[in-house]
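Structure record follows, encoded as structure tokens.
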Amino acid sequence: MIEKALKGSSVYWGWVIFLLCIIGAGFLAYLYQLKVGLGVTGMSRDISWGVYIAQFTYFVGVAAGAVMLVIPKYLHHYTKYAKVVVFGEFIAIAAVIMCLLFIVVDIGQPMRMMNVVIHPTPHSMLFYDMIVLNGYLLINIICGYNTLLADKKGLPCPGWVKPVIYLSIPWAISIHTVTAFLYAGLPGRHFWLTAIMAPRFLASAFAAGPSLLVMLLLFLRKYTKFDAGQDALQNIARTICYAMIVNFFFMGMEFFTAFYSNIPGHKATLEYLFWGIGEYGNLVPFMRACIVIGFAGIFILLVPSIRRKPLWLAIGCACVFLATWIDKGVGLVIGGFIPSPLEVITEYHPTFPEITIATAIWAVGGLVLTILYKVAVTVREEEQIV
Amino acid sequence: MSMDRRKFLKVAGLSTLIGLGGSSAFELLKPGKVDAEMEHEGHHGGHHGKAHKKEEDTGPKTRWAMLIDMKAITKEKAEKIVHTCHHAHNVPNWGDPKNEIKWIWEEEYEHVFPDSYNEYDEILEKLPFLLMCNHCDEPPCARVCPVEATFRRPDGIVAQDYHRCIGCRFCMAACPYGSRSFNWLDPRVKLKEEMAKGRKLNKRFPTRMRGVVEKCNFCVERLAEGKQPACVEACPDVMHFGNLADENSNVRKILRARISLRRKLELGTKPSVFYLV
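Residue numbers (our numbering), protein chains in the order written: chain A, 134 to 519; chain B, 788 to 1064.
Following this line, the structure appears as structure tokens:
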């Protein structure tokens, strides 16, 4: 089926080449980083994780979001999702590939990466993260490929795939739970040390992943013959809206606990993120924008008459995607390091090579998604399951 | 007894891999002379009772600890200690907070005890506290390391294997004391630069490569030779090193007589660095 990605319009090829150029630039930047060391990034002794791990965390969420289609389709037999489920699974594949790449570029000795497998360490959460992420990638490749193949042949999915699809549901929950555990189990990092981290991760994941999906489906409806259907789109939008409300609710609970208890350590990062501490306040505009954009997204998706208009639906989803990205892809990871365990504030300024590498990984995700979507849409167009 | 580094790593690595309680493997690693001294100290008061002996049989025989005497420390002594340690371990001096490597360094009271900082204590406020790895009994860094590149030896030392570390920096996020440093750039390049200006390399300790984490190692390499840690040798009136598991050891005697502080006890990490105030 993959050969279907080789035939396309000039716009398609233009887009692919554009992505390849970004990837090429990022690859060069990575070679530079590999040669000189991670010192070429903006990370420091105090801010020891930066853009890479933040993006990793966000995209684990995007990957897990696919389950919001799988559950209605396979557990509740909601047939209107039948032809869009595969697009959710393809987002998961692209997102997990991005996650793995973000880990690879973040580690100081990538040639020793296999040590994680050679010396399995069950008391480390990173060990489980390695298992669940690679497992999730495999599960989604199996499910996505077979769903599409069945569509192509006009046959139902082979029986053995079903258990794998069912397995993908708890597995999706697990990837984001384990990723939350990377943070939520660390003593001395007050901002991360919260039992609500995993639930909040899941809520924002179930908003972020499907909002990307809706934007892509709207794009496909406009520019290809594939139409996901108004009902499917509207229902995904409802899911996104609820998930985003829960996400903000959880965020509010963090504020309550920190500020009502009045414990300095618990308040410090929130103060830094939303008001700034002293002269330090790099992330304040981002975090405030996150709140405003997030509520705008909720409002747009909550009001049926607005949500039904495709343009507004796209804007609403873009708002949710952006707000969750700022929350997790900017504030959460960086914020955890501010203030440091010695209560010193060091700010973080990502560098040009660092951003180039991160952008290139976004481009890899975009390329994988483009190819997979191209195949899926072509199959659908040929079989007229549009 | 002496043991070269390769052999040490082999034994240490192997015993961790097999998950040995370590008694046999670490018997080999037990620093001879220092330990003998401790034992000698322990015995010279005569018998120390059956109950104590029993306890020693069941618990670990050695648990290294460091005592820092805040009444004896001065700015000059602190600087001397930092300088001695960093030269003994070939720690480059990057001179900027972004890339710096620190095994032991000076810090103010407010930052050392942020959760129990008493702003009315004007005595502690003026003292140059020395910070280092706490060699915790329950080290969060070793718990999170995905490759066991950092691990707790049965003698209490939290060791770091520079040859296994993948540089994920999970340990840096996990350490509640900010004790770990990452080689963001190639330390050998910097050391060469410094050597051109007259710095001498300690040929008895390896330099590191970029991309790995490092920290204070309680001078395992010196203990193995029966020597005291470099900081203790630099200022023996400020730094006291000894066996916490032996109730008649030098450190236990001092702890019995003096008031001591440990950092962030509420986190349950059980640090083995004590500040005598």
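Yeah, the Cβ is synthetic: ideal placement off N, Cα and C, and Gly gets one too.
If you drop the 5 nearest sequence neighbours on each side, which residues of the same chain put their C-beta closer than 6 angstroms to that of Ile251 of chain A?
-> Numbered from its first residue, the first sequence carries residue 251 of chain A at position 118. Result list for Ile251 of chain A: empty, nothing under 6 angstroms.
What is the DSSP secondary structure of Glu828 of chain B, reduced to helix, strand or coil?
-> Translated into positions along the second sequence, residue 828 of chain B becomes position 41. Because Glu828 of chain B sits at a pLDDT of 41, beneath the cut-off of 50, its placement in the model cannot be relied upon, and the point is left open.
Outcome for Trp881 of chain B when other beta-carbon atoms lying within 10 angstroms are tallied against a minimum of 16 = As a first step, residue 881 of chain B must be located in the second sequence, where it is residue number 94. Trp881 of chain B should be labelled buried.
Beta carbon of Met919 of chain B nearer than 7 angstroms to that of Ile891 of chain B | Residue numbering aside, residue 919 of chain B sits at position 132 when the second sequence is read from its first letter. Residue numbering aside, residue 891 of chain B sits at position 104 when the second sequence is read from its first letter. For Met919 of chain B and Ile891 of chain B, yes; Cβs fall inside 7 angstroms.
Endpoints, the alpha helix (DSSP H) within which Arg939 of chain B is located = As a position in the second sequence, residue 939 of chain B is number 152, starting the count at 1. DSSP places Arg939 of chain B in no alpha helix (DSSP H) but in the uninterrupted beta strand (DSSP E) bounded by Thr937 to Arg939.
DSSP-derived helix/strand/coil call for Trp458 of chain A | Position 325 of the first sequence, counted from the first residue, corresponds to residue 458 of chain A. In this structure, Trp458 of chain A counts as helix in the three-state DSSP scheme.
Taking the Cβ atom as the reference point for each residue, do Ala187 of chain A and Gly462 of chain A lie within a distance shorter than 7 angstroms?
-> Indexing the first sequence from 1 puts residue 187 of chain A at position 54. Indexing the first sequence from 1 puts residue 462 of chain A at position 329. Against a cut-off of 7 angstroms, the Cβ pair of Gly462 of chain A and Ala187 of chain A comes out as a contact.
Would you check if the segment 914-930 of chain B and the segment 971-986 of chain B touch, i.e. whether three or more CB-CB distances between them fall below 8 angstroms?
-> no
Could you tell me whether the segment 216-234 of chain A touches the segment 253-260 of chain A, where touching means 3 or more Cβ pairs closer than 8 angstroms?
-> no
Span separating the alpha-carbon of Leu1063 of chain B from that of Val1025 of chain B | Taking the second sequence and counting its residues from 1, the one referred to as residue 1063 of chain B is at position 276. Taking the second sequence and counting its residues from 1, the one referred to as residue 1025 of chain B is at position 238. The straight-line gap from Cα to Cα measures roughly 9 angstroms.
Proximity test, Cβ basis, 7 angstroms: Ala961 of chain B and chain A | Within the second sequence, numbered from 1, the residue matching residue 961 of chain B stands at position 174. Judged by the 7 angstroms Cβ criterion, Ala961 of chain B is in contact with chain A.
How many angstroms separate the CA atom of Tyr907 of chain B from the CA atom of Gly954 of chain B?
-> Indexing the second sequence from 1 puts residue 907 of chain B at position 120. Indexing the second sequence from 1 puts residue 954 of chain B at position 167. Going from the Cα of Tyr907 of chain B to the Cα of Gly954 of chain B covers about 41 angstroms.
For Gly1029 of chain B, which three-state DSSP category applies?
-> By 1-based counting over the second sequence, the position of residue 1029 of chain B is 242. Three-state DSSP puts Gly1029 of chain B in a strand.
Simplified DSSP state of Leu366 of chain A, which is helix, strand or coil | Looking up residue 366 of chain A in the first sequence gives position 233. Of the three classes helix, strand and coil, the one that applies to Leu366 of chain A here is helix, per DSSP.
Identity of the residue in A:Gly141, A:Met330, A:Gln363 and A:Lys400 nearest Val379 of chain A by Cα = As a working note, residue 379 of chain A is residue 246 in the first sequence. Shortest Cα-Cα distance from Val379 of chain A to any of A:Gly141, A:Met330, A:Gln363 and A:Lys400 involves A:Met330.
Are the beta-carbon atoms of Tyr185 of chain A and Val238 of chain A separated by less than 7 angstroms?
-> Along the first sequence, read from residue 1 onward, the residue named residue 185 of chain A stands at position 52. Along the first sequence, read from residue 1 onward, the residue named residue 238 of chain A stands at position 105. Cβ distance < 7 angstroms, so Tyr185 of chain A and Val238 of chain A count as in contact.
What runs of the alpha helix (DSSP H), each 4 residues or longer, lie entirely inside the segment 134-179 of chain A?
-> 143-169
Using the C-alpha atoms, what's the distance from Ile439 of chain A back to Trp445 of chain A?
-> The residue labelled residue 445 of chain A in the question sits at position 312 within the first sequence. The residue labelled residue 439 of chain A in the question sits at position 306 within the first sequence. Near 6 angstroms, if we compare the C-alpha coordinates of Ile439 of chain A and Trp445 of chain A.
Compute the distance between the beta-carbons of Lys137 of chain A and Thr511 of chain A, then report whether it is under 7 angstroms.
-> Stepping through the first sequence from its first residue, residue 137 of chain A is reached at position 4. Stepping through the first sequence from its first residue, residue 511 of chain A is reached at position 378. The answer is yes: Cβ separation under 7 angstroms.
Beta-carbon of Gln188 of chain A versus every beta-carbon of chain B: anything under 7 angstroms?
-> Position 55 of the first sequence, counted from the start, is the residue given in the question as residue 188 of chain A. So no, Gln188 of chain A is outside the interface.
At 7 angstroms on the CB atoms, spell out the chain B contacts of Met384 of chain A, in chain order.
-> Your numbering for residue 384 of chain A matches position 251 in the first sequence. The premise fails here: Met384 of chain A is roughly 21 angstroms from chain B at the closest Cβ pair, so nothing lies under 7 angstroms.
Every unbroken beta strand (DSSP E) inside the segment 832-906 of chain B [3 residues or more] | 851-856 and 891-894
Does any residue of chain B bring its CB to less than 7 angstroms from the CB of Ile433 of chain A?
-> Working through the first sequence from its first residue, we reach residue 433 of chain A at position 300. With 7 angstroms as the cut-off, Ile433 of chain A does not count as an interface residue toward chain B.
Comparing the C-beta of Glu487 of chain A with each C-beta of chain B, is any distance below 7 angstroms?
-> The residue you call residue 487 of chain A lines up with position 354 of the first sequence. Closer than 7 angstroms: no.
Val203 of chain A lies in the alpha helix (DSSP H); which residues open and close that run?
-> Against the first sequence, residue 203 of chain A aligns to sequence position 70. From DSSP, the alpha helix (DSSP H) with Val203 of chain A extends over Val200 to Val203.
Once you ignore the five residues that flank Lys977 of chain B on each side, which residues in its own chain have a CB closer than 8 angstroms to its CB?
-> The residue you call residue 977 of chain B lines up with position 190 of the second sequence. Contacts found: Pro879, Asn880 and Trp881.
State yes or no: is the beta carbon of Trp851 of chain B nearer than 7 angstroms to at least one beta carbon in chain A?
-> Start at 1 with the first residue of the second sequence, and residue 851 of chain B comes out as number 64. Chain A contact via Cβ: absent.
Measure from the alpha carbon of Thr849 of chain B to the alpha carbon of each residue in B:Ile1046, B:Glu1034, B:Asn886 and B:Arg1049, then state which is nearest.
-> As a first step, residue 849 of chain B must be located in the second sequence, where it is residue number 62. Of B:Ile1046, B:Glu1034, B:Asn886 and B:Arg1049, the residue nearest in Cα terms is B:Glu1034.
From this set, B:Asp902, B:Val869, B:Phe916 and B:Gly943, which residue's C-alpha is nearest Leu1010 of chain B's C-alpha?
-> Translated into the one-based positions of the second sequence, residue 1010 of chain B becomes position 223. Minimum Cα-Cα distance from Leu1010 of chain B among the listed residues B:Asp902, B:Val869, B:Phe916 and B:Gly943 corresponds to B:Gly943.
Given a threshold of 16 other Cβ atoms within 10 Å of its Cβ, counted over all protein chains shown, does Trp146 of chain A qualify as buried or as exposed?
-> Position 13 of the first sequence holds residue 146 of chain A. By the 10 Å Cβ count, Trp146 of chain A comes out exposed.
Between the segment 874-886 of chain B and chain A, which residues of the former have CB atoms less than 7 angstroms from a CB of the latter, in chain order?
-> So the list reads Pro884, Lys885 and Asn886, given in the order they occur along the chain.
With a threshold of 16 other CB atoms inside 10 Å of the CB of Pro941 of chain B, please say whether the residue is buried or exposed.
-> One-based indexing of the second sequence puts residue 941 of chain B at position 154. Flag for Pro941 of chain B reads buried.
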